[in-house]
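Trainee:
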DNA sequence: GGTCGATGTGACCGTTTGGTCAGGTATTCT
DNA sequence: AGAATACCTGACCAAACGGTCACATCGACC
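Residue numbers (the working numbering), protein chains in the order written: chain G, 9 to 236; chain H, 9 to 236.
(1) How close, in whole Å, do the beta carbons of residue 71 of chain H and residue 29 of chain H come, if the pair is a contact with beta carbons under 8 Å?
(2) Please name the residue in H/65, H/169, H/211 whose C-alpha comes closest to that of residue 39 of chain H.
(3) Does the distance from the CB of residue 181 of chain H to the CB of residue 110 of chain H come in under 8 Å?
(4) With distances taken Cα to Cα, identify the nearest neighbour of residue 14 of chain G among G/187, G/62, G/161, G/49.
(5) Can you round the beta-carbon distance between residue 82 of chain G and residue 105 of chain G to whole angstroms, since I take them to be within the 8 Å contact cut?
(6) Got a sec: which bits of the segment 214-231 of chain G sit with their beta carbon under 9 Å from any beta carbon on chain H, in order along the chain?
(7) Whose C-alpha, out of G/162, G/195, G/50, is nearest the C-alpha of residue 222 of chain H?
(8) By the 10 Å Cβ neighbour count, where 16 or more other Cβ atoms means buried, how is residue 224 of chain G classified, buried or exposed?
(9) Which residues does DSSP list as the beta-bridge partners of residue 160 of chain G?
(10) Using a 10 Å radius around the Cβ and a threshold of 16 neighbouring Cβ atoms, would you call residue 68 of chain H buried or exposed?
(11) Find out if the Cβ-Cβ distance for the pair residue 169 of chain H, residue 151 of chain H is shorter than 8 Å.
(12) Would you report the Cα separation of residue 51 of chain G and residue 43 of chain G, rounded to the nearest angstrom?
(13) Any contact between the segment 186-195 of chain G and the segment 190-209 of chain H? By contact I mean 3 or more CB pairs, one from each, below 8 Å.
(14) Between residue 172 of chain H and residue 218 of chain G, which are expected to be in contact by the criterion C-beta below 8 Å, what is the C-beta distance as a whole number of angstroms?
(15) CB-CB under 7 Å to residue 115 of chain H, same chain, minus the five flanking residues each way: which ones, in chain order?
(16) Please state the DSSP three-state secondary structure of residue 197 of chain H.
(17) Here's the rule: buried if 16 or more other CB atoms are within 10 angstroms of the residue's CB, otherwise exposed. What is residue 118 of chain G?
(18) Going straight from the alpha carbon of residue 26 of chain G to that of residue 185 of chain G, what length do you get?
(19) Where do the ends of the alpha helix (DSSP H) carrying residue 55 of chain G lie?
(20) Give the single residue among G/174, G/213, G/210, G/211 whose Cα lies nearest to the Cα of residue 125 of chain G.
(21) Using a Cβ-Cβ cut-off of less than 8 Å, list which residues of the segment 31-65 of chain G approach chain H; keep chain order.
(22) Using a beta-carbon distance below 8 Å, is residue 179 of chain H in contact with chain G?
(23) Once DSSP output is grouped into helix, strand and coil, what is the label at residue 17 of chain G?
(24) Is the Cβ-Cβ distance between residue 220 of chain H and residue 102 of chain H less than 8 Å?
(25) When you compare only the Cα positions, how much space is there between residue 153 of chain H and residue 166 of chain H?
(26) Would residue 10 of chain G pass as a contact of residue 60 of chain G if the rule is Cβ separation under 8 Å?
(27) Below 8 Å on the Cβ atoms is my guess for residue 159 of chain G versus residue 96 of chain G; work out the distance and round it to an integer in Å.
(28) Using a Cβ cut-off of 8 Å (strictly closer), state whether residue 169 of chain H contacts chain G.
(29) DSSP three-state label for residue 212 of chain G, please.
(30) Among the residues of its own chain, which have a CB less than 8 Å from the CB of residue 200 of chain G, if the five just before and after it don't count?
(31) Who are the near neighbours of residue 94 of chain H in its chain, counting only those whose CB is closer than 8 Å to its CB and skipping five residues on each side?
(32) Suppose contacts are defined by Cβ-Cβ distances below 8 Å. Is residue 100 of chain G in contact with residue 216 of chain G by that definition?
(33) By Cβ distance below 8 Å, which residues in the same chain neighbour residue 77 of chain H in space, the five residues on each side in sequence not counted?
(34) Which residues of chain H have a Cβ atom closer than 7 Å to the Cβ of residue 161 of chain G, listed in chain order?
(35) Check for me: the alpha helix (DSSP H) holding residue 86 of chain H runs from which residue to which?
(36) Taking 8 Å as the threshold (beta carbon to beta carbon), is residue 94 of chain H in contact with chain G?
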């Protein structure tokens, strides 16, 4: 945790340091990040750095809280078209939020991607709860709910599908952002909202249809197998 | 490219060096990998290292060729149940190969994952061809063929679906390997083949059904939209 | 045995790393 | 004015880094 000295810093200086750190952590994972690069970019002495943070991992975890705060902000900024979203509308919202986040804060999205990648690497088990860690726990609950609501097919292996949605959520955002091209800059500039633009929504429609209805033209679901 | 000196090395020594390098590159990306760690693990002098390789990137690219060679080996080791696989059988084969590779050569799979992650990071555009790089080009052709064969729905956005399959292929293997638990060790030991074990195939059935038929219990495909 | 080219070696180099710390400065309180 | 407190600073440190090179060792051929 950052020291109180850091918390008491004038905002401009604090932002300067955080900005330098974000730039560094967006380019390199924690393992390869350099204190020297950060302090020189932020324009502070190295001694000051160690008055603010215990070490570079300390700063990194501080930046991670900023990342999740900003991400939550983006999620909540998306309009709720219904008080009660059905299952797939909710999923669409989650995916839209990921893309919006990627476009508005590409550096923060990069940091998040590094973090996901490296925390998924080892056993990928939460040492406290013993459960799988990461976004798929959220999707697990989501799918279970969906089955209860008769939205999700009962034969779906919830655990596997949750994992799949997790990696799709984490991976599709940079692709979609790139694909949006010029439009992405408009969204980043606030001139356009992701939910208002019909070409963007067409893309999401297609993505959601793939998730809902699959790729096959004429799916041969082996109902017999699953009903036994 | 490794020097001729390296190519002329007695096999045991060459393997020793490659093994040390594989261990290092499976744990850290190229950026963070250390020459010192490799030479000390391989039991050679640092001077020797620089007689074999120009630098660490040179060794890394050499290891990458081993990775893809071994991966190809795994792919070809899977039995061809049909000379002409239909679209989804082919896809199943690709995914099975990814899992088999993950189980038999977890270190090589880790190296591959690092490589995919870092080469996807920047623009993710091949500077020579101008096309998207990575496994999704293969899936692009695969989906196009599938549409021609009436296996894949015509409304599917081929480019996006190809990207999605790419990230699923890259991400699902560690999950499935972990989920197979004890069985995975048997496969790694060669006591069991991935295609012969019915619990494993059940998992693949479910995965393929999700890809083919989607998650929804009663998909509401907007045919009107796509036909216009 | 002697020569010669190929290969192996680790001390050594300059640079960069994370981290420390004695000392300077700025502000506030008495 | 003087003391106290908080903060800032960059020279400095040991360790690790990638990379070099003079020299040792080896095997093959004459």
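Virtual Cβ for every residue (Gly too), placed ideally from N, Cα, C.
Mentor: Reading off the structure:
(1) 5 Å
(2) H/65
(3) yes
(4) G/62
(5) 6 Å
(6) 214, 215, 217, 218, 219, 220, 221, 222, 223, 224, 225, 226, 227, 228, 229, 230
(7) G/162
(8) buried
(9) H/224
(10) buried
(11) yes
(12) 12 Å
(13) no
(14) 7 Å
(15) 30, 31, 34
(16) coil
(17) buried
(18) 25 Å
(19) 54-60
(20) G/174
(21) 36, 37, 39, 40
(22) yes
(23) coil
(24) no
(25) 11 Å
(26) yes
(27) 7 Å
(28) yes
(29) helix
(30) 191, 194
(31) 157, 159
(32) yes
(33) none
(34) 223, 224, 225
(35) Here residue 86 of chain H belongs to no alpha helix (DSSP H), and DSSP marks it neither H nor E.
(36) no
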